[in-house]
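J.: If you read the sequence shown in the working numbering, its first letter stands for residue 161, the second for the next number, and so on.
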Amino acid sequence: DDPHLIQRFVLSLLFYATGGKDDADGTLDGLGGGRTSGWESGSAHFLTGLHECHWVKKSFEDSFWGILSMEGDSDRRVGVTKCNSEMEVTEIRLADLNLVGFIPEEIKWLSSLESLDIQNNHIAGPIPESLGELDELSYLSLDGNNFSGTIPDVFDNLLHLERAYLNFNDFNGAMPPSMCTLREEGVLKDLWSDCGGYPITCTCCTVCCDMVSECNEMASQKGG
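The structure is reproduced here in structure tokens:
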């Protein structure tokens with residue numbers, strides 16, 4: 161009985177759901193490898209015989225690393241970048257890997273996840289409502305993708321969430337009350353969205369962007 165079997169299953173599912181393909185044909189190597197979309201398992205040692213806490217690799221795309229990365233310049237790894245003492249995944253970084261596809265609902269089973277960074281890819285579809293079950297989450301970076309639809313009102317239990325970046329996507333509608341409550345009453349100090357006019361309405365965001373390239377701090381949130 162492997163206590164981490166579900167964890168390994170979810171990570172494998174995440175790999176395939178975001179356009180991952182086996183690189184058994186040997187035609188691709190490293191990050192990018194000439195692929196225009198999706199990624200290969202060698203990008204971060206995914207699907208290898210290593211424990212999933214070692215499904216990680218140094219990123220060679222330093223010049224494209226997002227400005228909102230959780231750590232400083234000294235840490236530019238991708239994959240499963242942190243686990244706790246019980247070998248449970250707590251941090252996933254898949255930024256700038258040309259990912260396509262969607263985030264599977266089963267991500268909720270990574271119950272110890274504290275940080276999810278998939279910025280600057282081509283992930284589409286709605287935000288899975290199951291993200292609201294990751295109650296240890298403190299950092300969420302979905303910016304620079306193709307997410308669409310309304311942002312679900314499922315964040316009531318994310319009491320540790322400190323930073324959420326939802327900008328540069330195709331969302332519409334209003335920021336849900338549960339997210340604004342975290343901003344106004346919780347520890348959420350950074351909340352970015354495309355509220356610089358149409359299409360997102362947000363009175364609690366700290367920064368509003370224009371869906372393309374420009375972002376500005378909300379005057380009402382300065383010093384908040």
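All C-beta atoms in this analysis are idealised placements derived from N, C-alpha and C, irrespective of residue type, glycine included.
Only a predicted model underlies this, so the values are computations on that prediction, with no experimental measurement involved.
Start and end of the alpha helix (DSSP H) containing R343?
T.: Locating residue 343 in the sequence shown gives position 183, where the first residue counts as 1. Its alpha helix (DSSP H) spans residues P337 to E345.
J.: Spell out the partners DSSP gives Y299 in its beta bridges.
T.: Indexing the sequence shown from 1 puts residue 299 at position 139. In the DSSP output, where bridge partners are listed per residue, Y299 has S275 and R323.
J.: If you drop the 5 nearest sequence neighbours on each side, which residues of the same chain put their C-beta closer than 6 angstroms to that of L276?
T.: Translated into the one-based positions of the sequence shown, residue 276 becomes position 116. These residues qualify, in order along the chain: I252 and L300.
J.: Could you tell me the distance, in whole angstroms, from the CA atom of L165 to the CA atom of H211?
T.: The residue you call residue 165 lines up with position 5 of the sequence shown. The residue you call residue 211 lines up with position 51 of the sequence shown. For L165 and H211, the distance between alpha carbons rounds to 10 angstroms.
J.: Less than 8 angstroms between the CB atoms is what I'm expecting for I283 and I267, so what's the real figure, rounded?
T.: Indexing the sequence shown from 1 puts residue 283 at position 123. Indexing the sequence shown from 1 puts residue 267 at position 107. The Cβ separation is near 12 angstroms, so there is no contact.
J.: Have a look at the DSSP bridge pairing and note the partners of V249.
T.: On the sequence shown, position 89 is the one that residue 249 refers to. Paired residue(s): C243.
J.: For T208, is the classification buried or exposed, using 16 other Cβ atoms within 10 angstroms of its Cβ as the cut-off for buried?
T.: As a first step, residue 208 must be located in the sequence shown, where it is residue number 48. The residue is exposed, with fewer than 16 neighbouring Cβ atoms inside 10 Å.
J.: Classify F307: buried if its beta carbon has 16 or more other beta carbons within 10 angstroms, exposed otherwise.
T.: In the sequence shown, counting from the first residue as 1, residue 307 sits at position 147. When all chains shown are included, F307 counts as buried.
J.: Do three or more CB pairs link the segment 316 to 332 to the segment 348 to 355 at distances below 8 angstroms?
T.: Touching, per the Cβ criterion.
J.: Rounding to the nearest angstrom, what Cα-Cα distance links E274 and D295 in this structure?
T.: The count along the sequence shown starts at 1 and reaches residue 274 at position 114. The count along the sequence shown starts at 1 and reaches residue 295 at position 135. Using only the alpha carbons, I get a separation of about 8 angstroms.
J.: At which residues does the beta strand (DSSP E) containing V170 begin and terminate?
T.: As a working note, residue 170 is residue 10 in the sequence shown. Per DSSP, V170 belongs to no beta strand (DSSP E); it is in the alpha helix (DSSP H), L165 to A177.
J.: Cα separation between K218 and D370?
T.: To locate residue 218, count along the sequence shown from 1; it is residue 58. To locate residue 370, count along the sequence shown from 1; it is residue 210. In a straight line, the C-alpha of K218 is about 32 angstroms away from that of D370.
J.: Out of L254, S298 and E289, which one is the CA nearest neighbour of P336?
T.: What you label residue 336 is simply residue 176 of the sequence shown in a count that begins at 1. Comparing Cα-Cα distances from P336 to each of L254, S298 and E289, the minimum goes to E289.
J.: Using a Cβ-Cβ cut-off of 8 angstroms (strictly less than) and excluding sequence neighbours within five positions of T361, which residues of its own chain qualify?
T.: Here the question's residue 361 lines up with position 201 in the sequence shown. G333, A334, M335 and C355.
J.: Could you tell me the alpha carbon to alpha carbon distance between S172 and S373, rounded to whole angstroms?
T.: Here residue 172 is taken as the residue at index 12 of the sequence shown, counted from 1. Here residue 373 is taken as the residue at index 213 of the sequence shown, counted from 1. The straight-line gap from Cα to Cα measures roughly 33 angstroms.
J.: So, helix, strand or coil for T187, using DSSP?
T.: Translated into the one-based positions of the sequence shown, residue 187 becomes position 27. With a pLDDT of 36 at T187, under the threshold of 50, the predicted position of this residue should be treated as unreliable, though the coordinate-derived value follows. It is coil, neither helix nor strand.
J.: Out of W199, E265, E345 and C368, which has the shortest C-alpha to C-alpha gap to E293?
T.: Translated into positions along the sequence shown, residue 293 becomes position 133. Selected option, being the one with the closest Cα: E265.
J.: Take W199 as the anchor and find which of N258, G239 and V347 has the nearest alpha-carbon.
T.: Walking along the sequence shown from the start, residue 199 turns up at place 39. With distances taken between Cα atoms, W199 lies closest to N258.
J.: Determine whether the beta carbon atoms of R237 and V216 lie at a separation below 8 angstroms.
T.: Against the sequence shown, residue 237 aligns to sequence position 77. Against the sequence shown, residue 216 aligns to sequence position 56. It is a contact, given that the beta carbons lie within the stated cut-off.
J.: Give me, in chain order, the residues of the same chain whose beta-carbon lies closer than 6 angstroms to that of E248; leave out the 5 immediate sequence neighbours on both sides.
T.: Sequence index remark: in the sequence shown, residue 248 carries index 88 (1-based). Correct list, in chain order: S272.
J.: Hey, V367 and S338: beta-carbon distance below 8 angstroms or not?
T.: Taking the sequence shown and counting its residues from 1, one reaches residue 367 at position 207. Taking the sequence shown and counting its residues from 1, one reaches residue 338 at position 178. Their beta carbons are not under 8 angstroms apart, which means V367 does not touch S338 by this criterion.
J.: Return yes when at least one heavy atom of the ligand SAH lies under 7 angstroms from the C-beta of G304, else no.
T.: Within the structure as shown, the ligand SAH is missing, as the structure has no ligands at all.
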